[in-house]
Structure formats: structure tokens, C-alpha cells
Amino acid sequence: MHDTLRLIHSRRSIRTFSDRPVSDDTLLTLKEATLRAPTAGNMALYSIIEVKDQSKKERLALLCDDQPMIAKAPVVWVFLADMQKWVNYFEESGAVKRAQAAGLAAFRSPGLGDIHLCLQDAIIAAQNAVIAAEALGLGSCYIGDVIENFEDLSDLLCLKRFTIPAAMLILGYPKQTASVKQSPRCPVDSIFMTDGYEELHLDALEQAYHEHESSRRKVGSLPYGNEGTLADYYYLRKHSSAFMEEMNRSTAVMFERWVNG
Ligand SMILES: Cc1cc2nc3c(=O)[nH]c(=O)nc-3n(C[C@H](O)[C@H](O)[C@H](O)COP(=O)(O)O)c2cc1C
3 MHDTLRLIHS
13 RRSIRTFSDR
23 PVSDDTLLTL
33 KEATLRAPTA
43 GNMALYSIIE
53 VKDQSKKERL
63 ALLCDDQPMI
73 AKAPVVWVFL
83 ADMQKWVNYF
93 EESGAVKRAQ
103 AAGLAAFRSP
113 GLGDIHLCLQ
123 DAIIAAQNAV
133 IAAEALGLGS
143 CYIGDVIENF
153 EDLSDLLCLK
163 RFTIPAAMLI
173 LGYPKQTASV
183 KQSPRCPVDS
193 IFMTDGYEEL
203 HLDALEQAYH
213 EHESSRRKVG
223 SLPYGNEGTL
233 ADYYYLRKHS
243 SAFMEEMNRS
253 TAVMFERWVN
263 G
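If you're matching positions, the sequence shown starts at 3 in the numbering used here and goes up one per residue.
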């Protein structure tokens, strides 16, 4: 198998890190590889905050659904969808005024489409970082809870109106542990569709997530005394959880601030 494919197929999320520090050289290599990700119009509609201050890491760990591994991670990166820099660039360079004076374009405040594009840029860069990290022997884990508690996160990281968290990664050298089995994936045919959306219903869904369910059954983590289904598990643990409610509240606030100030 090609080296890159081997890397992709052997990756798994790493949540505990060794004490080995990540050198400045390695970090720079990782940063440069991250920035080689494709970006819409080559505008780099994202920024990355490296959280180094230990007290900020600890606060971040609390804000992200209290996950202490965040405070222990050697490298913590928050990927922002960032239109603020272009708003500043357009205004401070006089581009807005020139376009108005020439009757070419009226001022337009960034909207939902801009958010979408900026999020794509940020998330694509994050995944480049994951793969580059893997190539450098570093492990990584996304932290989805970075979209919770937006008001507090915004204060902590000094965010501006047209910046919102898109993704977060913790990185470091993996702590040596007995090799852990990789998590299952859905079969290719259940994810790839041809020429149009093919809605999945119960039989197909049970098949698609069969491996997920049996691996959870094996470790006894399904609800209703391990008699429940994978749907029960995700419905209770994720879909109707307090953290999911907070993610929805917080995301509404960040989108509202971007669109309406
Ligand atoms: C958007 C996103 C958010 C995630 N958030 C968390 C998180 O907050 N905490 C965590 O421990 N893992 C988190 N993960 C890691 C997933 O649990 C992990 O990718 C998934 O279980 C598959 O395992 P694998 O990455 O080892 O293949 C997140 C992954 C993604 C893509």
C-alpha cells in the first residue's frame, strides 16, 4: 500500500500524550503542511490560535465539556473561520470606498454563505494538520465541544465579530499503550451514493452501523443493560444530551453575532 494511504488507514484519535515535547522545528513543519491545504479562492479564510498559556488551556478544557486531556495536551490549536481579516483588509485598504465611488459594488456585510466558506477552509486545514501530524509521529484528536459556551470562549480567545470556532485539535506524541483496535467505519456503499441522495431506512441503517453496534455490545456500553441498539446509544448519549443542547444554543449565538453584530 502507498505510504500516504497506510498513514490514513492506520490513524486513530489519540487522547493521551507522552511527556516528549514537540520541538519548534517539528511544529513549524506541521504548521507549513497545515497551510498547504486548499483554500477557497486562496484567501485563507481561517486563522489558527495556538493556546500555549496553561491557565487558558485549563479554562478551555472546562469550556469544552470538561475534558481534562485538553489541558494536558502539548499542542492545542483552535481553528477559526475568519472573515474578520478580509473585512479589515477591504475597509483599511480603501477597497470598499473605491468600489462604492466607482459604482461597482455596494458595501456588503459577510453573511451565512461567508460563514460556510470560512468554515470549510478552517476544517480542511485542520484535517491537513491531522494527516501531517500523523506523518511526523504525532497523534491528534478533534474536540467538537469547542463550539460550546461561545460567549466565554470568545472572551478567552479575544475573538472578533467575524471569527467563529470551526474545529479544535489537541496534538502530541502518543503515550505508549498496548495497541488499541481502530474504531469501525460504515461500508463504502452506505456512504457513497450515485447521482442523487439515496435515503437510508432501518434495514440499511442497521447494516451500515452493524460493526459499530457489535463493538459497543462487546464492551457492554449499550443502554438498557446492554440490550439496547446503537440508535438507543446515540439517541441518549449524543442526540438528547446536555452538551448537544449547549452546542445548538452556542452556535445560534455565534451565527447571530456574525450576521447581525
Ligand atoms: C468533529 C469531531 C469532534 C470530535 N470531538 C471529540 C471530543 O470532543 N472528544 C473526544 O474525545 N473525541 C472527539 N472526536 C474524536 C472522535 O470521537 C473520533 O474521531 C471517532 O470516535 C472515530 O475514532 P478515530 O478517530 O480513532 O477513528 C471528535 C471527532 C470529530 C471529527
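Glycine residues also receive a C-beta, built at the ideal position from the N, C-alpha and C atoms.
Distances between the C-beta of Y236 and the heavy atoms of ligand 1 are all 6 Å or more. Spanning the alpha carbons of L9 and G141 requires a straight line of approximately 12 Å.
Per DSSP, S20 has no beta-bridge partner at all. Annotated as distal: C143 and R239, with beta-carbon spacing of 7 Å or more. Using a cutoff of 6 Å, the CB of C188 does not count as near ligand 1, since none of the ligand's heavy atoms is closer than that. Per DSSP, I149 lies in no beta strand (DSSP E) and is assigned neither H nor E. Contact annotation: A168 and L121 have beta-carbon atoms nearer than 7 Å.
Of the residues M170, F109, L232, the one whose Cα lies closest to the Cα of A124 is M170. By a beta-carbon distance limit of 8 Å, Y48 contacts A83. Their separation comes to about 6 Å. A direct Cα-Cα distance of roughly 43 Å separates Y175 from E93. Taking the Cα of D67 as reference, the smallest distance to any Cα among S57, N151, S181 is reached at N151. The DSSP-derived three-state label of P225 is helix.
Within the model, the alpha-carbon separation for G198 versus I117 is close to 26 Å.
At least one heavy atom of ligand 1 lies less than 6 Å from the C-beta of S185. The Cβ atoms of A134 and A35 sit closer than 7 Å to each other.
Of the heavy atoms belonging to ligand 1, at least one sits nearer than 6 Å to the Cβ of Y144. With 16 or more neighbouring CB atoms inside 10 Å of its own CB, D147 falls in the buried class. The DSSP assignment places complete beta strand (DSSP E) segments of no fewer than 3 residues inside the segment 67-121 at 77-84, in order along the chain. Relative to the non-hydrogen atoms of ligand 1, the Cβ of D197 never comes closer than 6 Å to any of them.
In the three-state DSSP reduction, A46 falls in the coil class, being neither helix nor strand. Y91 counts as exposed, since fewer than 16 other beta carbons sit within 10 angstroms of its beta carbon.
Taking C-beta atoms as the reference points, K183 and S20 fail to come closer than 7 Å. Counting only runs of 4+ residues, the alpha helix (DSSP H) found wholly inside the segment 120-208 occupies 152-158, 190-193, in chain order. Counting only the Cα atoms, L207 lies some 42 Å from R22. Short of 7 Å from the beta carbon of I149, and not among the five residues preceding or following it, lie these beta carbons of its own chain, in chain order: P167, M249, S252, T253.
Of all alpha-carbon atoms in W88, L7, S15, the one lying nearest the alpha-carbon of K162 is that of W88.
Counting C-beta atoms within 10 angstroms of its own C-beta, T6 has fewer than 16 neighbours from the protein chains shown and is therefore classed as exposed.
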